[in-house]
Structures are given as structure tokens and as C-alpha cells.
Amino acid sequence: MDHDRIEGSSKTLMGRLKSFFGGMIGDSKMQAEGKMDQAEGKIQNAVGGVKDSLREAGDPNRR
Numbered sequence: 001m002d003h004d005r006i007e008g009s010s011k012t013l014m015g016r017l018k019s020f021f022g023g024m025i026g027d028s029k030m031q032a033e034g035k036m037d038q039a040e041g042k043i044q045n046a047v048g049g050v051k052d053s054l055r056e057a058g059d060p061n062r063r
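Using the numbering used here, the first residue of the sequence shown is number 1, and each one after it goes up by one.
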């Protein structure tokens, strides 16, 4: 598993938490930051997935 996938999943989770708690306390800035973190994490996770796919395609012994 690629480092980007791990870090992206972590950012997504932290973004969800930030967004949730921002909504709970009524802090719209924190909530928006959480949504941005979620989007960034999803993109980073997707990049990691592409890297994994390319790595697997280049190594015929991994299958």
C-alpha cells in the first residue's frame, strides 16, 4: 500500500471529525476546513491508488 493512500485516508478521517465538531459547536470556518481536508484526503488517496496500480502493472510477479 502506498504512503499516499495511508496519509489520504487519515486526512479524510480527520476532516470528517473536524467538520462534525465544527457543526456541533457552530463554527462554520472549522466545518468548511474539515470539508476541504476531506476533499484533499480523497484526492491523495486516489493518487496513491494510481501509484499502486502502476506499481502492480510493472511487476508481473505481484499477481
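Here a beta-carbon is modelled for each residue, glycine too, at the ideal position from N, C-alpha and C. In this text, all values refer to a predicted model and were calculated from it rather than measured experimentally.
{"query": "Rounded C-alpha distance that separates Q116 from G26", "result": "Coverage of the chain is limited to positions 1 through 63, which leaves residue 116 absent and any answer about it impossible."}
{"query": "Residue burial classification, S53 (beta-carbon count within 10 angstroms, cutoff 16)", "result": "exposed"}
{"query": "Rounded Cβ spacing between A22 and Q31 (contact assumed at less than 8 Å)", "result": "According to the sequence shown, residue 22 is Gly rather than Ala. The pair is a contact, with the Cβ atoms about 3 Å apart (cut-off 8 Å)."}
{"query": "Coarse secondary structure for G26, derived from DSSP in three states", "result": "coil"}
{"query": "Test item: CB-CB of D4 and G58 under 7 Å", "result": "no"}
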